[in-house]
Amino acid sequence: MNPQAKLIFTASLLLGTTITISSNHWIMAWAGLEINTLAILPLISKSHHPRAIEAATKYFLVQATASTLLLFASMVNAWSTGQWDITQLTNPISCAILTAAIAMKLGLVPFHFWFPEVLQGSPLTTGLLLSTALKFPPITLLYMTHHSLDTSLLTIMAILSVAMGGWMGLNQTQIRKILAFSSISHLGWMAIIIAYNPKLTLLNFYLYSLMTAAVFLTFHSTKTLKLSTLMTSWTKTPALNAALLLTLLSLAGLPPLTGFLPKWLIIQELTKQSMAPAAAMISMLSLLGLFFYLRLAYCATITLPPHTTNHMKQWHINKPTPSLIAALMTTSVMLLPISPMLSTIT
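Per the numbering used here, residue 1 is the first one in the sequence shown, and the count goes up by one each step.
Structural data, given as structure tokens:
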């Protein structure tokens with residue numbers, strides 16, 4: 001892709017995100033989301049492969065539908081209350097439609113069907129943007145309207161998302177699809193707590209983005225797209241793969257790594273809100289996700305390819321690990337000791 005075009009699309013993504021997260025008016029928030037959608041489409045389809053074109057088409061159709069629903073919810077609310085302010089969402093029908101629209105934008109169950117397919121058709125760097133940066137504006141809208149959302153509906157969608165994300169990721173061999181179902185599962189953790197403690201949702205999102213960026217950039221660095229390729233990458237970059245093991249376990253939420261912190265705080269908050277059954281259920285369902293993270297970690301570090309079959313031998317390259325990946329991996333693994341400070345900040 002032309003560097004100037006890439007710069008324009010990246011600047012448009014920043015502009016759309018900034019407009020949405022800083023707006024008070026529904027029309028401005030909708031405009032920001034539309035700018036984001038139009039800016040990411042060329043980045044998804046830049047390879048001109050039929051799968052990439054299909055992914056871009058699916059993404060456009062789903063996001064256009066979600067934006068239409070969001071605009072319709074805001075118009076119904078304005079018609080009944082005379083308010084276009086985002087925080088003044090009081091009409092119950094508008095709240096239900098808005099929840100569906102943002103769930104579609106994010107990829108929450110039952111509107112998750114598009115996300116694995118789109119991620120599979122995108123390059124890894126674009127997949128990173130789809131999994132992190134483009135989820136920030138819809139989460140911000142949820143944050144601003146959390147006081148008027150239906151908690152029962154969100155809880156059901158969250159538990160189903162964690163279940164579906166874990167269950168569907170078990171049988172995958174494509175790295176990008178595994179990371180897509182991982183994202184759906186993490187979104188369930190964010191959605192279940194948004195109505196009770198929205199700051200915890202933001203903390204969870206920040207830490208999830210940190211860990212996911214480390215994983216995506218590592219796979220991009222080693223050019224890994226399938227589990228079979230991951231098995232042979234140990235001989236090429238052993239240090240990077242050893243760090244990837246810890247980052248994947250952190251993403252799974254195992255103590256004493258960073259990923260344990262949001263899960264611990266969310267379970268604690270749910271228990272305080274007399275939602276111990278929901279906390280127990282979501283904790284048990286996250287074990288499904290733990291299985292495929294362990295499988296990724298196993299393939300990355302413990303499995304060596306058999307020497308009896310003919311396969312492309314990976315050369316051992318003594319090039320240094322990029323400093324950005326090193327910094328992201330360090331924070332993905334070692335932030336738990338400063339959790340009191342993080343919880344104070346949020």
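All C-beta atoms, glycine included, are put in the ideal place defined by N, C-alpha and C. What you are looking at is a predicted structure, and each value in this text was computed from that prediction instead of being measured.
Can you give the Cα-Cα distance for residue i and residue j, rounded to whole angstroms?
i	j	result
residue 308	residue 51	In this prediction, residue 308 scores a pLDDT of 48, lower than 50, which makes its location untrustworthy; no coordinate-derived value is stated.
residue 91	residue 179	36 angstroms
residue 58	residue 123	15 angstroms
residue 303	residue 246	16 angstroms
residue 183	residue 131	7 angstroms
residue 241	residue 71	45 angstroms
residue 340	residue 275	23 angstroms
residue 149	residue 222	42 angstroms
residue 34	residue 2	23 angstroms
residue 116	residue 84	34 angstroms
residue 326	residue 333	11 angstroms
residue 168	residue 181	7 angstroms
residue 39	residue 248	30 angstroms
residue 205	residue 328	15 angstroms
residue 324	residue 294	24 angstroms
residue 153	residue 101	13 angstroms
residue 114	residue 271	33 angstroms
residue 156	residue 235	44 angstroms
residue 284	residue 267	12 angstroms
residue 14	residue 36	8 angstroms
residue 98	residue 54	27 angstroms
Measure the Cβ-Cβ separation of residue i and residue j and say whether it is below 8 angstroms.
i	j	result
residue 262	residue 336	no
residue 369	residue 269	Outside the modelled stretch of the chain, which goes from 1 to 346, sits residue 369, for which no answer is possible.
residue 26	residue 80	no
residue 104	residue 145	no
residue 211	residue 250	yes
residue 21	residue 28	no
residue 290	residue 243	no
Going by Cα to Cα distance, which pick from the options is closest to residue i?
i	options	result
residue 107	258, 95, 162, 89	162
residue 176	69, 126, 95, 276	126
residue 232	300, 288, 118	300
residue 30	147, 67, 98	67
residue 151	250, 32, 191, 12	191
residue 343	88, 278, 203	203
residue 137	189, 239, 63, 166	63
Mind checking which residues open and close the alpha helix (DSSP H) that includes residue i?
i	result
residue 338	No alpha helix (DSSP H) contains residue 338, which DSSP labels as neither H nor E.
residue 220	198 to 222
residue 262	260 to 272
residue 186	175 to 193
residue 116	114 to 120
residue 172	Per DSSP, residue 172 belongs to no alpha helix (DSSP H) and is neither H nor E.
residue 111	Counting along the chain, residue 111 falls outside any alpha helix (DSSP H), and DSSP gives it neither H nor E.
Discussion item. I'd like the ranges of any alpha helix (DSSP H) spanning at least 4 consecutive residues and lying wholly in the segment 68 to 97.
Written reply: none
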